[in-house]
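No gaps in the numbering here: position 93 of the sequence shown is 93 in UniProt numbering, and each next residue is one more. Take a look at the structure set out below.
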Amino acid sequence: MGIESMTGFARAAGTAGVHAWAWEIRSVNGRGLDLRVRVPPGFEVLAEAARKRLTSAFSRGTLHVNLSVTSDAGPARPRVNETVLAALLEAIEKLPPAAGINPPTFDGLLGIRGVVEYADEAQDALGAIEKPALAGLESIAEALKEARSAEGRALEAIVLGQVETISRLTTEAERHPARSPEAIRARIAAQVEALLGAANGLDPQRLHQEAALVAVRSDIREEIDRLHAHVGALRELLAKGGPIGRKLDFLSQEFGREASTLCAKANDPGLSRIGLDLRTVVDQMREQVQNVE
């Protein structure tokens, strides 16, 4: 299972008689899953179907979903409500005859509110397009998933390249000549000698003890070990795939902390350069993993 990006676009359209429909879905980054579904009035059942389908397909991202429906049906068609008309006729027959009152005519009855209705175009359209529109919903869900998967494959290649760079820089820092005991001793000895030459009242023994503590605090062994461990964990996550964006983001923050600490501890221009290069590639990687589901 590969990783998916949170960005993508899909569209599906079709016709059913005089009615035409079109789904469009656009996905962008989001902290969680945020569905924003818009349908014309009277098509709320399709909005609910869209929410259920997309909730089951995706776990993160802001999804803007829009359904448009058009019709060439022409003017609304009148329909006689035969039930209401029959009830009126039955009621009229039960009335006592009244002098001077003409019997009801159809034109008069048809003018009574509720006898003549106009077809609900939304209901007619929904009945016509519901089945094909639901099939189209399934189609755009699959198309969006494929688009996000394709983007995810590209992201994975980029992140893997960045992890390789981090691994290489970590190894360079680990093997750097400035970390050798001889180099550390020489550097501290030079600093101590400079201090002793600058001030006559310093205790050489105490100064050497303080220098030893500084050397211990400046050791980057722990940071190097953690960076190697994070590289292994990130590779395992990418191999596993699935919705791992939050874990990748957490790991990228951990990479950043270790790189910053390495820079702070580096007491050598070469190690400082490696630390800065690490921070740069880690920042670039974090920008990429922000797009992962």
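Glycine included, each C-beta is placed from N, C-alpha and C at the ideal position.
Where L35 and D219 are concerned, what is the direct C-alpha to C-alpha distance, given to the nearest angstrom? Translated into the one-based positions of the sequence shown, residue 35 becomes position 35. Translated into the one-based positions of the sequence shown, residue 219 becomes position 219. Approximately 49 Å between the Cα atoms of the pair.
Go to D268, then tell me how far its beta strand (DSSP E) extends in each direction, as first and last residue. Against the sequence shown, residue 268 aligns to sequence position 268. No beta strand (DSSP E) holds D268; DSSP gives it neither H nor E.
From this set, E48, Q123 and I92, which residue's C-alpha is nearest V69's C-alpha? Counted from its first residue, the sequence shown places residue 69 at position 69. Closest option to V69, Cα to Cα, is Q123.
Quick check: what's the CA-CA separation for F106 versus W21? Your numbering for residue 106 matches position 106 in the sequence shown. Your numbering for residue 21 matches position 21 in the sequence shown. Between F106 and W21, the C-alpha separation is close to 39 Å.
Residue nearest to G242 in terms of C-alpha spacing, selected from S149, H228, A154 and S71: Start at 1 with the first residue of the sequence shown, and residue 242 comes out as number 242. Comparing Cα-Cα distances from G242 to each of S149, H228, A154 and S71, the minimum goes to S149.
Check this for me: beta carbons of A12 and G152, under 8 Å apart or not? Reading the sequence shown from its first residue, position 12 is the one you call residue 12. Reading the sequence shown from its first residue, position 152 is the one you call residue 152. With respect to G152, A12 sits apart: the two C-beta atoms are not nearer than 8 Å.
Out of G127, I140, R273 and E146, which has the shortest C-alpha to C-alpha gap to H19? Walking along the sequence shown from the start, residue 19 turns up at place 19. Nearest option by C-alpha distance: G127.
From the DSSP secondary-structure annotation, give me the bridge partner or partners of E24. Counting from one through the sequence shown, the residue named residue 24 turns up at place 24. Bridge partners of E24: R11 and N66.
When burial is assigned at 16 or more other CB atoms within 10 Å of the CB, is N102 buried or exposed? For the purposes of this step, residue 102 is taken as residue 102 along the sequence shown, with counting starting at 1. So N102 counts as exposed.
Could you compute how far the alpha carbon of T261 sits from the alpha carbon of A10? Along the sequence shown, one-based indexing puts residue 261 at 261. Along the sequence shown, one-based indexing puts residue 10 at 10. Roughly 44 Å between the two C-alpha positions.
Of the listed residues A147, E44 and N81, nearest to L67 (C-alpha basis): Here residue 67 corresponds to residue number 67 of the sequence shown, with the count starting at 1. Selected option, being the one with the closest Cα: E44.
Taking its Cβ as the centre, do 16 or more other Cβ atoms sit within 10 Å of I140, making it buried, or is it exposed? Against the sequence shown, residue 140 aligns to sequence position 140. Buried, since its Cβ has 16 or more Cβ neighbours within 10 Å.
Can the beta-carbon of M6 be found closer than 8 Å to that of E293? As a first step, residue 6 is located in the sequence shown; it is residue number 6 there, counting from the start. As a first step, residue 293 is located in the sequence shown; it is residue number 293 there, counting from the start. In this structure, E293 lies closer than 8 Å to M6 by Cβ.
Report the option in D283, V116 and D72 whose CA atom is closest to the CA atom of T15. Working through the sequence shown from its first residue, we reach residue 15 at position 15. Ranking the options by Cα distance to T15, first place goes to D72.
Which class does L33 belong to by DSSP, given the choice of helix, strand or coil? Start at 1 with the first residue of the sequence shown, and residue 33 comes out as number 33. Strand, per DSSP.
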